[in-house]
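Those sequence lines, one after another, are chains A and B.
To convert, note that position 26 of the first sequence is 26 in the numbering used here; the numbers rise steadily by one, no gaps.
If you want the numbering used here, it's the position in the second sequence, counting the first as 1, plus 1000.
Glycine included, every Cβ here is placed at the ideal spot set by N, Cα and C.
Computed from a predicted model, the values in this text were never measured in an experiment.
There are 2 protein chains.
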Amino acid sequence: MAEKLQDSYLAAHDQLYRTLRMRIMYGEMRPGQAITLRGVAEEFSVSVTPVREALKRLAAEGALSISVSGRFQTPALTNDRIEELAALRALIEVELATRALPRAHMALVERLQSINNSISVAVARADAVTYIRTNLEFHRTLYLRAQAPAMLATVETVWLQMGPTMRALYGRLQRKDPPMHHRLILAALKAGDEPGLRVAVRADVTQGLRMLAR
Amino acid sequence: MAEKLQDSYLAAHDQLYRTLRMRIMYGEMRPGQAITLRGVAEEFSVSVTPVREALKRLAAEGALSISVSGRFQTPALTNDRIEELAALRALIEVELATRALPRAHMALVERLQSINNSISVAVARADAVTYIRTNLEFHRTLYLRAQAPAMLATVETVWLQMGPTMRALYGRLQRKDPPMHHRLILAALKAGDEPGLRVAVRADVTQGLRMLAR
DNA sequence: CATGCGTATTTGTGATCACAATTACCTTTG
DNA sequence: CAAAGGTAATTGTGATCACAAATACGCATG
């Protein structure tokens, strides 16, 4: 069955899934970009069977859309859908941050500050992919403390769906805007200020909405 | 490619997915029940290829769990996980109900009351599967009015994960308890009472939690 | 130059097979 | 009677192939 030995090997379709998922979530693909079974199969030197599983799984999570004829492509979201996904992010991420708050010790805050510095570097370089990845890493690091794996998995699915769109939106994003809301989040974490934390997280998540509502 | 003609045909793997998904969501399978590729393939007279896609997709949504050796089975949830999923339900369903409220006209309330009657019948018959299905139909009918497909899809994934557990829990459920909280929901809908609606939905969703916390 | 039309290529689907690993069952042994 | 060992059956994985549908391309026609 070619399963894992120790903790290193992975099934081919799982490896494909993780790789493609990262590409999509971190904005390495444009909205509407087509993906073919044989194209991916050739790139990774496997047959179409494991590719089909990986693409179907991604499609099931909303990371890919399937045309009426069965073709795969990254989703091109409508404004309504983007707004809804942002609202879903706000809903769940505020809850996750609240649950993480009582468990957020100094070591965590320091790690978050370190990640925040990486985000600033990415912003300075105008590196969209690194920006998106480190930004999500900031949120994921915080939410991992919430000890709520189902909620985290759900919000990651939302991130996945928004990946290509976030990349496309990054072009018209702020220029010299280091993570402002992240500083508010860190301050609230240090002060143990739950209402302030909720407001800061909500603001950070819905921030990207403004520049598309026009 | 064997795609749809008009609006009736479905690809084999999609048909499998929908059928198995209903079985799981509506509590027709026990927690921990094993599912095999060739078993399903024989039951539906197809090869293992489409079965694999359907099972993998269900596993990706949390409807099935995969053992370390790759075997499929319905998930046996821990109490912590159940509690988290219920909290996630409450979070999203309160939002969906709130969004549906301004669009809930009399015709919708009447449909909900009709579904409620079906629930009472299922309770009287002690028919667990019908109870679960009609109960979810009540919620889905309301939430469809929210015009928030991503949120609805997310909460349906949660329902899916809880399906087998809900069935197992139904045995120790109330006996002669017709949908009490549903009446509160309907009353709040008629009165346009948003705070009351939110409380009623949250109570209905977290209700089932009490009987397992012991 | 634009518009159909027909052919060739591309693409996803499902069946089948070989394979390796896990699991189940039965026999043997203490 | 219980535990251990070994064989047989079961199971998921991935490759390959045939097929049908959709798409792309080129040619002829107005």
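Here DSSP, grouped into helix, strand and coil, assigns S114/A to helix. Closest in alpha carbon position to N135/A, among S69/A, S114/A and P102/A, is S114/A. Interface criterion not met: the Cβ of L169/A is under 8 Å from no Cβ in chain B.
Of the other Cβ atoms in all chains shown, 16 or more fall within 10 Å of the Cβ of H1139/B; this residue is therefore buried. Counting only Cβ-Cβ distances below 7 Å, T1098/B has no contacts in chain A at all, with the closest Cβ about 11 Å away. Near chain B, meaning a CB-to-CB distance below 9 Å, the residues of the stretch 143 to 154 of chain A are Q147, A148, P149, A150, M151, A153 and T154. Along the stretch 1057 to 1074 of chain B, the positions whose C-beta sits under 8 Å from a C-beta of chain A are R1057, A1060, E1061, G1062, V1068, S1069 and G1070, read in chain order. Relative to the Cα of D1014/B, the nearest Cα in the group G39/A, R57/A and Q15/A belongs to R57/A. An exposed status is given to M1180/B, since fewer than 16 other beta-carbon atoms sit within 10 Å of its beta-carbon. Scanning chain A for C-beta atoms nearer than 7 Å to the C-beta of I1092/B yields L91, reported in chain order. Separation of R23/A and N1116/B (C-alpha to C-alpha, rounded to the nearest whole angstrom) is 46 Å. The alpha-carbon of S1118/B is positioned some 11 Å away from that of R1111/B. Spanning the alpha carbons of T1074/B and T1165/B requires a straight line of approximately 9 Å. Residue pairing for F1072/B: DSSP places it in a beta bridge opposite I1035/B and I1066/B. Contact check for R1021/B and A1063/B: beta-carbon distance about 7 Å, within the 8 Å limit, so the pair qualifies. About 5 Å separates the beta carbon of G163/A from that of G27/A, a gap short enough to meet the 8 Å contact definition. Within the model, the alpha-carbon separation for A200/A versus A1034/B is close to 45 Å. The beta carbon of T1154/B sits closer than 7 Å to the beta carbons of I1092 from its chain, once the five residues preceding and following it are set aside; these are given in chain order. At a C-beta separation below 7 Å, L1085/B has these neighbours in chain A: A150. M162/A: member of the alpha helix (DSSP H) spanning P149 to Y170, first to last residue. V1068/B is classed as exposed because its beta carbon has fewer than 16 other beta carbons within 10 Å across all chains shown. Among the residues of the stretch 188 to 200 of chain A, none has a Cβ less than 9 Å away from any Cβ of chain B. The Cβ atoms of A59/A and V51/A lie no closer than 8 Å to each other.
Taking 8 Å as the CB threshold, E42/A stays off the interface with chain B. Contact of L88/A with chain B by beta-carbon distance below 9 Å involves I1092, E1095, A1148, A1150, M1151 and T1154. For R1103/B, there is no enclosing alpha helix (DSSP H), as DSSP marks it with neither H nor E.
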